[in-house]
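**Student:** My structure is below; once you've seen it, I'll send some questions.
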Amino acid sequence: MSERRQPDGAKPAYEGGDRAVSGAPAGDGGDRAVSGAPAYDGQEEGGEVRLRRQAALALAVLAALVLAVAALTTPWQALLTAGEPPGPARDFTAAQLARSQAFDAATSLPSYLSLALTVLVAGLLAATPLGARATGWLRGPWWLRTILGVAVIAAATLALRWPLGMWFETVLREYGLSTQTWPSWSGDRLKNAAVEAFLLALTITALVALARRFRRWWIPAAAGAFALTVAASFVYPVVFEPMFNDFTPMREGPLRTSLLAMAERDGVPVEDVLVADASRRTTALNAYVSGFGATRRVVVYDTLLRAPEAEVELVVAHELGHAKHDDVLHGTLLAGLGAALGAVLLFLIFDLVRRRAAVPSIADPRAAGALMGLMSLSTLLLGPVQNVVSRQVEARADLHALELTRDPETFVAMQKRLALSNISDLSPDAVEYVLYASHPSGPERIAMARAWARLNGVNAP
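Take the sequence shown: its position 64, counted from the start at 1, is 64 in full-length UniProt numbering, and no numbers get skipped.
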């Protein structure tokens with residue numbers, strides 16, 4: 001329902017010559033020194049050219065698919081204002097606007113420093129021998145060295161980012177948004193890092209294994225990247241979310257009955273609405289839908305239940321909009337195709353990267369650092385594009401909530417409550433809006449509700 005910029009990168013939220021200079025010989029462990037594929041005796045240069053042309057054709061096809069899916073599943077006209085520009089001064093007092101601006105100023109510096117650190121580390125891993133040197137001393141089978149390489153670099157990166165995370169957490173506490181102790185905050189951070197490192201190690205180890213086995217490794221890599229993305233999205237609600245929160249069915253009562261009746265009226269199959277014990281770490285209000293098919297769930301923070309029931313119903317109506325339009329499934333499909341495209345693009349560009357990263361080939365475990373750097377950079381570059389799509393999807397869910405409840409007055413009251421409780425940025429500058437805004441701003445959402453009211457003959461709040 002709403003998101004706040006975090007300092008841990010713009011995410012989770014997801015490195016001279018053919019001889020390595022890490023101190024180990026290029027042929028260490030029997031790895032072939034190749035560029036993009038295992039070295040086969042007698043392979044002609046023309047064969048390599050054909051492989052690259054095939055990969056380039058696959059890249060073009062996947063890019064077309066990504067664009068087609070994005071165009072067909074994104075509601076590009078959802079953010080409706082009917083000529084009324086968002087005006088935060090109309091709905092928020094001077095003191096409220098000042099508090100929002102002060103919070104934004106307090107969090108901007110650690111956020112931008114974290115972003116700069118992410119870019120710096122990723123750039124060093126992808127364009128220098130840093131990753132190869134950091135992992136070249138590891139010994140053992142190739143797969144063990146790959147996993148350990150990911151773990152070593154992930155741990156070093158976490159250590160570098162830790163002070164910035166503490167800075168940001170301190171600001172949250174000063175503004176009353178965090179209820180965590182340092183041990184619980186550290187535990188959450190370590191668990192999150194462990195999940196990210198596990199998924200990275202799984203992905204990179206599989207990639208190295210395919211590169212060691214197949215000339216056209218980009219074909220199984222693209223298929224595997226798509227499958228892993230879909231599988232991760234499907235199992236995330238039941239495997240990973242319980243690591244961070246406890247979920248219980250909403251207690252019996254008028255609110256639960258009303259929400260389930262609204263879902264039935266909306267034609268969205270929802271067996272229950274789950275409540276997350278978010279209050280043990282934050283005072284912020286939120287709700288979300290995750291998973292698809294058998295793992296789809298609508299979740300509300302327990303902090304949200306302190307709001308009036310009509311506002312809770314509107315928040316859930318918004319989430320029902322996501323479920324009704326299969327937004328998680330469409331987002332997963334788009335992400336899976338993007339991951340497949342990335343695997344093919346990696347085949348085409350890694351020969352350039354490996355020379356700067358001083359690794360013999362992508363089939364060498366010492367390539368783990370360069371791969372982590374490239375993945376991090378791609379995530380940063382795609383972030384603004386994903387935000388454009390996300391803002392439209394969120395706006396459609398808002399419109400769905402208005403259509404389902406036909407109560408723009410409560411909608412505006414709910415948006416004010418969310419903006420004030422979460423200390424949202426009520427007038428984000430262009431850079432922050434592009435980098436961080438996965439949702440329309442509070443004033444934009446309020447203006448859209450008023451426009452909807454006028455267009456539908458309902459009294460505008």
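Cβ coordinates follow ideal geometry from the N, Cα and C atoms, glycine included.
What does a CB cutoff of less than 8 Å around Thr93 pick up in its chain, not counting 5 residues either side in sequence?
**Tutor:** Here residue 93 refers to the residue found at position 93 when the sequence shown is read from its first residue. Nothing listed; no residue qualifies.
**Student:** Less than 8 Å between the beta carbons of Leu371 and Leu207, yes or no?
**Tutor:** Locating residue 371 in the sequence shown gives position 371, where the first residue counts as 1. Locating residue 207 in the sequence shown gives position 207, where the first residue counts as 1. Cβ distance < 8 Å, so Leu371 and Leu207 count as in contact.
**Student:** Residues in the same chain with beta-carbon distance under 8 Å from Val195, minus the five sequence neighbours each way, listed in chain order, please.
**Tutor:** Here residue 195 corresponds to residue number 195 of the sequence shown, with the count starting at 1. Phe240, Met243.
**Student:** Quick check on residue 462: does DSSP put it in helix, strand or coil?
**Tutor:** Because the chain is modelled from 1 through 461, residue 462 falls outside the range shown and cannot be assessed.
**Student:** Please state whether the Cβ-Cβ distance between Ala357 and Gly131 is less than 8 Å.
**Tutor:** Locating residue 357 in the sequence shown gives position 357, counting from the first residue. Locating residue 131 in the sequence shown gives position 131, counting from the first residue. Yes, these two residues count as a Cβ contact at 8 Å.
**Student:** Just tell me which of Ala397, Gly342, Ala294 has its CA closest to the CA of Gln77.
**Tutor:** One-based indexing of the sequence shown puts residue 77 at position 77. For the residues Ala397, Gly342, Ala294, the minimum Cα distance to Gln77 belongs to Ala397.
**Student:** Indicate whether residue 464 and Pro237 have their beta-carbon atoms separated by less than 8 Å.
**Tutor:** The structure shown does not extend to residue 464, since the chain is modelled only from 1 through 461, so no value can be given for it.
**Student:** Helix or strand or just coil, what does DSSP make of Leu148?
**Tutor:** As a position in the sequence shown, residue 148 is number 148, starting the count at 1. Helix, per DSSP.
**Student:** What residues are listed by DSSP as bridge partners for Leu274?
**Tutor:** Taking the sequence shown and counting its residues from 1, the one referred to as residue 274 is at position 274. For Leu274, which the question treats as bridged, DSSP gives the partners Pro249, Val299.
**Student:** Can you look up Tyr236 in the DSSP assignment and give me helix, strand or coil?
**Tutor:** In the sequence shown, residue 236 corresponds to position 236, counting from 1. Tyr236 falls in the helix class under three-state DSSP.
**Student:** Quick one: residues in its chain with C-beta nearer than 6 Å to the C-beta of Ala276, no 5 flanking neighbours on either side, listed in chain order?
**Tutor:** Stepping through the sequence shown from its first residue, residue 276 is reached at position 276. So the qualifying residues of the chain are Asn245, Phe247, Val299, Tyr301.
**Student:** Assuming Ala287 is part of the beta strand (DSSP E), what are its boundary residues?
**Tutor:** As a working note, residue 287 is residue 287 in the sequence shown. Counting along the chain, the beta strand (DSSP E) containing Ala287 begins and ends at 287 to 290.
**Student:** Is it buried or exposed, Asn387, if we count other Cβ atoms within 10 angstroms and call 16 or more buried?
**Tutor:** Numbered from 1 along the sequence shown, position 387 holds the residue referred to as residue 387. Buried is the call here.
**Student:** Can you name the residues that DSSP bridges to Thr282?
**Tutor:** Position 282 of the sequence shown, counting from 1, holds the residue named residue 282. Thr282 is bridged to Ser178.
**Student:** Between the C-alpha atoms of Asp188 and Pro461, what's the straight-line distance to the nearest angstrom?
**Tutor:** In the sequence shown, the residue the question calls residue 188 occupies position 188. In the sequence shown, the residue the question calls residue 461 occupies position 461. Looking at the two C-alpha atoms, the distance is approximately 41 Å.
**Student:** My assumption, with CB atoms under 8 Å, is that Ala225 sits in contact with Ala343. Please give the rounded CB distance.
**Tutor:** Counting from one through the sequence shown, the residue named residue 225 turns up at place 225. Counting from one through the sequence shown, the residue named residue 343 turns up at place 343. At roughly 5 Å, the Cβ-Cβ gap stays under 8 Å, so Ala225 and Ala343 are in contact.
**Student:** Taking DSSP as the reference, what is the three-state secondary structure of Ala437?
**Tutor:** As a first step, residue 437 is located in the sequence shown; it is residue number 437 there, counting from the start. In the structure shown, Ala437 sits in coil (DSSP, three-state: anything other than H, G, I, E or B).
**Student:** May I ask you to report which of helix, strand or coil DSSP gives Ile349?
**Tutor:** The sequence position of residue 349 within the sequence shown is 349, counting from 1. Ile349 falls in the helix class under three-state DSSP.
**Student:** Do you know offhand how far Arg212's Cα is from Pro220's?
**Tutor:** The count along the sequence shown starts at 1 and reaches residue 212 at position 212. The count along the sequence shown starts at 1 and reaches residue 220 at position 220. Roughly 12 Å separates the two Cα atoms.
**Student:** Hey, how far is the Cα of Pro25 from the Cα of Asp272?
**Tutor:** Taking the first residue of the sequence shown as position 1, residue 25 is located at position 25. Taking the first residue of the sequence shown as position 1, residue 272 is located at position 272. Note that Pro25 has pLDDT 32, beneath the 50 cutoff, so the model's placement of it is unreliable and the number below is only indicative. Going from the Cα of Pro25 to the Cα of Asp272 covers about 59 Å.
**Student:** Would you call the region 326 to 345 and the region 277 to 287 in contact, with 3 or more CB pairs under 8 Å?
**Tutor:** Contact between the region 326 to 345 and the region 277 to 287 is absent, because fewer than three Cβ pairs lie under 8 Å.
**Student:** I need the straight-line Cα distance from Ala197 to Ala151, nearest angstrom please.
**Tutor:** Counting from one through the sequence shown, the residue named residue 197 turns up at place 197. Counting from one through the sequence shown, the residue named residue 151 turns up at place 151. In a straight line, the C-alpha of Ala197 is about 6 Å away from that of Ala151.
**Student:** Can you tell me whether Asp429 is buried or exposed? The criterion is at least 16 other CB atoms within 10 Å of its CB, across all chains shown.
**Tutor:** As a position in the sequence shown, residue 429 is number 429, starting the count at 1. Looking at its Cβ environment, which holds fewer than 16 other Cβ atoms inside 10 Å, Asp429 is exposed.
**Student:** Okay, do the region 333 to 351 and the region 54 to 73 touch, 3+ Cβ pairs below 8 Å being the bar?
**Tutor:** Counting Cβ pairs under 8 Å, three or more are found: they touch.
**Student:** Am I right that Ala287 and Leu304 are in contact with their C-beta atoms under 8 Å? What's the rounded C-beta distance?
**Tutor:** Working through the sequence shown from its first residue, we reach residue 287 at position 287. Working through the sequence shown from its first residue, we reach residue 304 at position 304. So it is a contact: roughly 6 Å between Cβ atoms.
**Student:** Out of Thr283, Leu418, Val458, state which residue places its alpha-carbon closest to the alpha-carbon of Glu409.
**Tutor:** The residue given as residue 409 occupies position 409 in the sequence shown. Of Thr283, Leu418, Val458, the residue nearest in Cα terms is Val458.
**Student:** Are the Cβ atoms of Ala447 and Pro129 separated by less than 8 Å?
**Tutor:** Walking along the sequence shown from the start, residue 447 turns up at place 447. Walking along the sequence shown from the start, residue 129 turns up at place 129. No. Outside cutoff.
**Student:** Using only the alpha-carbon positions, how far apart do Arg450 and Leu320 sit?
**Tutor:** Start at 1 with the first residue of the sequence shown, and residue 450 comes out as number 450. Start at 1 with the first residue of the sequence shown, and residue 320 comes out as number 320. In a straight line, the C-alpha of Arg450 is about 21 Å away from that of Leu320.
**Student:** Do three or more CB pairs link the region 94 to 108 to the region 357 to 368 at distances below 8 Å?
**Tutor:** The region 94 to 108 is not in contact with the region 357 to 368.
**Student:** Within a Cβ cutoff of 8 Å, which residues of the same chain sit near residue 519, ignoring the five residues on either side of it in sequence?
**Tutor:** The shown model of the chain, from 1 to 461, leaves out residue 519, and the question about it has no answer.
**Student:** Return the chain-ordered list of same chain residues with a C-beta closer than 8 Å to the C-beta of Thr179, the five sequence neighbours on each side being excluded.
**Tutor:** In the sequence shown, the residue the question calls residue 179 occupies position 179. Cβ neighbours of Thr179 beyond the five flanking positions: Ser279, Arg280, Arg281, Thr282, Thr283.
**Student:** Could you spell out the range, first to last residue, of the alpha helix (DSSP H) harbouring Phe103?
**Tutor:** The residue you call residue 103 lines up with position 103 of the sequence shown. Element bounds for Phe103: 94 to 127.
**Student:** When burial is assigned at 16 or more other CB atoms within 10 Å of the CB, is Asp182 buried or exposed?
**Tutor:** Here residue 182 is taken as the residue at index 182 of the sequence shown, counted from 1. According to the sequence as given, residue 182 is Trp; it is not Asp. So Trp182 counts as exposed.
**Student:** Is it buried or exposed, Ile349, if we count other Cβ atoms within 10 angstroms and call 16 or more buried?
**Tutor:** For this step, residue 349 is matched to residue 349 along the sequence shown. Per the 10 Å Cβ criterion, exposed.
**Student:** What residue range does the alpha helix (DSSP H) around Leu130 cover?
**Tutor:** The sequence position of residue 130 within the sequence shown is 130, counting from 1. Its alpha helix (DSSP H) spans residues 130 to 135.
**Student:** Could you please give the first and the last residue of the uninterrupted alpha helix (DSSP H) stretch that includes Trp452?
**Tutor:** As a working note, residue 452 is residue 452 in the sequence shown. First-last of the alpha helix (DSSP H) with Trp452: 442 to 455.
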